[in-house]
Amino acid sequence: MSKTGLPRFLIVGTAKAGTTTIERALAENPAVGLPRKETFFFDHDRMGGARLPYPMQRPKDAIITDPEAYRRLYAPFSGKLCVEVGTGYLYHHTVAIPRIVGTLGADVRIGIILRDPVERTWSSYMHFVKDLHEPLGFREALAAEPGRIAQEWNFMWHYTAMSRYTAQVLAYVEAFPHVRVFFFEDLRSDQPAFLREVCSFAGVDPDALPIGASAHNPSGV
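In this text, residue positions in the sequence shown follow numbering that gives the first Met the number 0: the first is 0, and each later residue adds one.
In structure tokens form, the structure reads like this:
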């Protein structure tokens with residue numbers, strides 16, 4: 000697949016670290032082509048094939064597996080910097096990185112968003128508590144995590160496993176020359192400055208960002 004008309008900037012995660020806020024802001028930049036937040040194209044091998052009902056696994060129609068369908072998604076954004084913002088590519092690095100290199104090339108810019116691992120774990124848990132999907136208490140949910148992983152529950156249920164960043168980040172640093180690690184805490188403390196840094200790294204004008212954007216997709220009861 001030719002790289003023309005495909006993302007040149009990829010935010011690979013992690014989940015519950017401000018990716019939705021970043022996606023909404025970038026989508027409002029007129030120089031950016033961002034059709035949707037997640038396609039799961041680069042880690043669809045780990046999405047379970049919708050054998051389990053949502054939210055244990057994502058529905059099939061939420062996952063793009065066909066290369067041409069992925070290209071068509073970005074076709075309307077000719078002349079813009081195409082971007083994808085995902086949440087699972089960092090965690091699923093073993094399958095995502097080879098596909099990213101093969102599809103987008105090793106020169107694609109990679110943005111990684113990290114968050115204090117304990118806070119991220121709690122936020123991921125509360126994400127499902129808020130939506131009344133998680134029936135277990137926090138300690139019980141952590142004890143159930145290995146079994147859920149073995150049954151191929153969606154990665155968002157991998158509360159503690161997703162928060163172990165070392166191997167995930169190292170894999171991207173070793174595979175791509177243009178990697179920038181951002182921190183959720185900086186987003187929370189100074190959102191305009193944080194979003195300007197993201198745009199500058201991506202290669203688009205940060206002055207075109209919306210002013211006063213609020214946080215999106217917060218976890219809570």
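C-beta atoms are modelled at their ideal positions from N, C-alpha and C, and glycine is treated no differently.
What number of angstroms, rounded off, separates the C-alpha of P75 from the C-alpha of L33? 10 angstroms
When burial is assigned at 16 or more other CB atoms within 10 Å of the CB, is V180 buried or exposed? exposed
Within 10 Å of its beta-carbon, does E27 have 16 or more other beta-carbons around it, so buried, or fewer, so exposed? exposed
Is the separation between the beta-carbon of Y158 and that of S123 shorter than 7 angstroms? yes
With distances taken between CB atoms, is the gap from T13 to V84 smaller than 7 angstroms? no
Whose C-alpha, out of D185, P176, F39, is nearest the C-alpha of P66? F39
Which same chain residues, not among the five before or five after L51, have their C-beta less than 8 angstroms away from its C-beta? Q150, E151, W152
Output the distance between the C-alpha atoms of I109 and D42, rounded to the nearest integer angstrom. 15 angstroms
Which residue's Cα is closest to the Cα of P191: A201, P205, F200, V178? P205
As a quick exercise: from A166, I21, E118, pick the residue whose alpha carbon is nearest that of R195. I21
Can at least three beta-carbon pairs, one atom from the stretch 111–123 and one from the stretch 158–169, be found at a separation below 8 angstroms? yes
Following the continuous beta strand (DSSP E) through R179, name the residue where it begins and the one where it ends. 178–182
For F193, collect the residues of the same chain with a Cβ closer than 6 angstroms to its Cβ; drop the 5 residues on either side in sequence, then sort them by chain order. D185, L186
Which of the three DSSP states, helix, strand or coil, is assigned to I148? helix
So, for H132: in the same chain, excluding its five sequence neighbours on each side, which residues have a beta-carbon less than 7 angstroms away from its beta-carbon? P54
Spatial neighbours of S213 within its chain, please: CB distance less than 6 angstroms, with the 5 preceding and 5 following residues excluded, ordered by chain position. Reliability of the predicted coordinates at S213 is poor, the pLDDT of 45 falling under 50, and no value is obtained from them.
Between the alpha carbons of A142 and K129, how many angstroms are there, rounded? 20 angstroms
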